[in-house]
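Asks: In terms of my numbering, the sequence shown has 672 at position 423, counting the first letter as 1, and numbering is strictly consecutive.
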Amino acid sequence: MGHKPDLKDQLLSKSVMRWAIALAVGATLATGVTAIYLLNQVKVQPTQATSSPSETPAIEAVTALGRIEPKEQRNVSAPMSMQGASKVDKLLVSKLDRVRANQVIAIMDNRDELEAAVRTAQKNVEVAKTELARVKAGAKAGEIQAQQAKINSLQEELKGEKDARQTTIDRLETQRNQTEQAQAQTIKAREAAVQAQNATIKRLEAERDNAQQDLESYLQLANEGVISKSELRSRQLRVQTEEERISEEQSNLSQAEANLSEAEANRIEKLATLSKEIEEARVNRNKTIAVLEAQIQEEKATLDQIKEIRPVDIQKAEAEIERAIAEVEKAQKDLESAYIKTPVAGQILDIYTEAGEAVDQENGIVLLGTTNEMKIVAQVYESDISKVRLGQQVAIQSEGKAFEGELRGTVSEIEQKIGKKDVLDTDPAADVDARVVEVDIRLNPNDSKRIENLTNSQVVVQIYL
C-alpha cells in the first residue's frame, strides 16, 4: 500500500473534488469518473453527497484506523507471596504461542524446595498413621509381661516380708512367754525360800524360847544350889546359840526376800523389753506391708494404663493425622503455586519476565489474550467522536491484507478519555500527535473466529452513522 492521507481530511477533499467534476462534465460522465477515481484512491468511501449542489455533503460514516485485539487480556503472574522472593526458573512459552487453559507456562525457582516440603509433610502423615495404629493396638506384649512380672515380684516380696516379720513376732512372743514362765518359776522358788526361811526362824525362835525357859528354870535351881554352875553355863550357851542361829537365819531371810524382789524386777523388765520388741516388730511389719501393697497397687494401675486404649488417645492420634494431612494439602498448594498456569485458553501476546529474572512487579510474567473472542479497537479523531454512538454498525477491512474481505461488528464501548494516536501508520507525514478516542467494536462471532491469530494487525474501520 502507498502513501495514505489522513482519513478525515481525505473524506472532505474527495467530496469537494467529486462535485467539481460533476458540474464540469455532466451528471452521467461525472458519476463514472468519480467511481473510477474513488476506487483508485481509497478503499472505502466514507461519505455520500446529496443531489443538490448547493448543500454541504453529509458524512454517512466515520473512518478510522484501528487494531485487532483479544476481547480479554490478562497479566499472568506468580502469587504475591512469591513476587520479589523467587525468580522464574523456566519459561515454557514464547511470544504468540497458543496455550490451553490451565497449561503450565513457567516454573519458579523454589519448586525443588516446595517439593521437599511436600515429601516431608507426606512422611509426617505416615508417622501419624503409625502412631494411631500403635494406640489402637495397645501396648506391646513384652511391655505388659514386664509390668506383670514387676507386680508378681512385689507380691512375692510382700509374702516373704509378711512371713519373715510374722516369724520374728512369733519368736519374740514365744520368748516372752518362756521368759514369763521362767521368771514365774524363779519367783515361786524364791517365795518358797522366803517361806522356808521364815519357818526356820520360827522354829529356831521356838527352840530359843524353850532354851530360855530351861535357862530360867536352871537359874532358879542354880540359885538354890540344885545344879552346878557348869550345868547353868551349858543352858546359857544353848540360849546364846539359838539367838545366833536366829540372827543368822534372819540374815538369810533378808537375802531371800532381796532375791525375790530382784526376780520380780527382772520379770517385769524382761517382759517389758520383749513386749516392746514385739510391738516394734508389728509396727515394722505393718509398715513394710503397707509400702509393698501401695507399690503393687501403683504397678497394677500402670499395667491398666498400658493395657487401656483410651478414646482420648485415639482422638489425639486422629487429630494429629488430620493436622498432618492439612500440612500436606498446604505444601501441595504451595508447590502448585510454583507452576505458573494460564487461567484460560488463549495466545501469549507479550513476555515481561524471562527465565532467571524476578517477576515483573507491574506486568507479571506474560500477557495472555483470550483469542476465542476478538475485538477491534478503533482510534477515532476527537473531532469525529461526537458522531459515534453505542450499537452503530461497523465495517472493517485489513490495512495490510492480513485477511480477505470485510468484517462486521457494532460499537460496544467508547472510552471516556482522549489520548494520542498510537496505531502504527506508515505515512511519515501522518499527525502522530493527533488526539483520538478509542472505540471498542464487538465483532460478529464468525468474523471473530477468522482473525483470532491476527492480534495487533492494523485495520481500517467505517462506523456507519
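Where a beta carbon is used, it is the ideal one built from N, C-alpha and C, also for glycine. It should be emphasised that the depicted structure is a prediction, and the values quoted were computed from it without experimental measurement.
Terminal residues of the continuous beta strand (DSSP E) containing L616?
Replies: 615 to 618
Asks: The alpha helix (DSSP H) spanning K320 covers which residue range?
Replies: Unbroken run through K320: none, as it is neither H nor E.
Asks: What span of residues does the beta strand (DSSP E) with I645 cover, start to end?
Replies: For I645, the enclosing beta strand (DSSP E) covers residues 642 to 647.
Asks: Using CA coordinates, which residue listed in Q446, K478, L481 is at the minimum distance from L502?
Replies: Q446
Asks: For E406, which residues in the same chain have their Cβ closer than 7 angstroms to its Cβ, ignoring the five residues on either side in sequence?
Replies: L541
Asks: For G668, which of helix, strand or coil comes out of DSSP?
Replies: strand
Asks: Would the segment 306 to 324 and the segment 618 to 630 be scored as touching if the rule is three or more Cβ pairs under 8 angstroms?
Replies: At 8 angstroms Cβ cutoff, the stretches touch.
Asks: Which of the three DSSP states is assigned to L523 in this structure?
Replies: Of the three classes helix, strand and coil, the one that applies to L523 here is helix, per DSSP.
Asks: Where DSSP assigns a beta bridge to R684, which residues make up the other side?
Replies: K669
Asks: Can you give the Cα-Cα distance for L714 and L345, rounded to whole angstroms?
Replies: 36 angstroms
Asks: Could you pull the DSSP bridge partners for K624 from this structure?
Replies: E318, R691
Asks: Helix, strand or coil for K446? Go by DSSP, reduced to three states.
Replies: A small fix is needed here, since residue 446 is Gln in this sequence, not Lys. Helix.
Asks: Residue range of the alpha helix (DSSP H) that R572 falls in?
Replies: 560 to 586
Asks: Taking all protein chains shown into account, do 16 or more other C-beta atoms lie within 10 angstroms of the C-beta of E497, making it buried, or fewer, making it exposed?
Replies: exposed
Asks: When DSSP labels each residue in this structure, what does G654 get in the three-state scheme?
Replies: Coil.
Asks: Kindly indicate which residue of A512, E571, D609 has the alpha-carbon position closest to the one of E375.
Replies: Of the residues A512, E571, D609, the one whose Cα lies closest to the Cα of E375 is E571.
Asks: What's the call for G618, buried or exposed, on a 16-neighbour Cβ count within 10 Å?
Replies: buried
Asks: Can you tell me which of the three DSSP states T312 falls into?
Replies: strand
Asks: Report back the beta-carbon spacing between I600 and V325 to the nearest angstrom; my notes put them in contact at under 8 angstroms.
Replies: Incorrect: roughly 10 angstroms between the Cβ atoms, too far for contact.
Asks: Would you mind reading off the limits of the alpha helix (DSSP H) that contains A382?
Replies: Secondary structure note for A382: its alpha helix (DSSP H) is the uninterrupted segment 360 to 386.
Asks: Would you report the Cα separation of G387 and E606, rounded to the nearest angstrom?
Replies: 55 angstroms
Asks: To the nearest angstrom, how far is the alpha carbon of R360 from that of A568?
Replies: If I take the Cα positions, the gap works out to 29 angstroms.
Asks: Grab me the residues of I645's own chain with a C-beta within less than 6 angstroms of its C-beta, minus the 5 sequence neighbours each way, in chain order.
Replies: I625, L656, V708, V710
Asks: Excluding five sequence neighbours on each side, which residues of the same chain lie with their C-beta closer than 7 angstroms to the C-beta of L403?
Replies: L541, Q544, I545, E548
Asks: Comparing alpha-carbon positions, which option in R699, Q461, K579, L584 lies nearest M357?
Replies: L584
Asks: From N472 to R439, what does the alpha carbon distance come to, in whole angstroms?
Replies: 48 angstroms
Asks: Under 8 angstroms between C-beta atoms, does E506 make it to chain C?
Replies: This model lacks chain C altogether; it includes just one protein chain.
Asks: Quick check: the Cα distance between S706 and S647, rounded to an integer number of angstroms?
Replies: 8 angstroms
Asks: Judging by CA-CA distance, which residue of V688, A460, E380, A395 is the nearest neighbour of T728?
Replies: The structure shown does not extend to residue 728, since the chain is modelled only from 250 through 714, so no value can be given for it.
Asks: Measure from the alpha carbon of V643 to the alpha carbon of each residue in T659, F652, R347, E578, then state which is nearest.
Replies: T659
Asks: For S706, which of helix, strand or coil comes out of DSSP?
Replies: Looking at S706 - three-state DSSP - the assignment turns out to be coil, as it is neither helix nor strand.
Asks: Between the Cα of L421 and those of A366, A530, V348, spot the shortest distance and give me the residue it belongs to.
Replies: A530
Asks: Run the CB neighbour count on T602, radius 10 Å, all protein chains shown included, and call it buried at 16 or more, exposed below.
Replies: buried
Asks: Sort E321, L692, R452 by Cα distance to R494 and report the nearest one.
Replies: Measuring from the Cα of R494, the nearest candidate turns out to be R452.
Asks: Can you round the beta-carbon distance between N515 and Q432 to whole angstroms, since I take them to be within the 8 angstroms contact cut?
Replies: 6 angstroms
Asks: Between V593 and A327, is the Cβ-Cβ spacing less than 8 angstroms?
Replies: no
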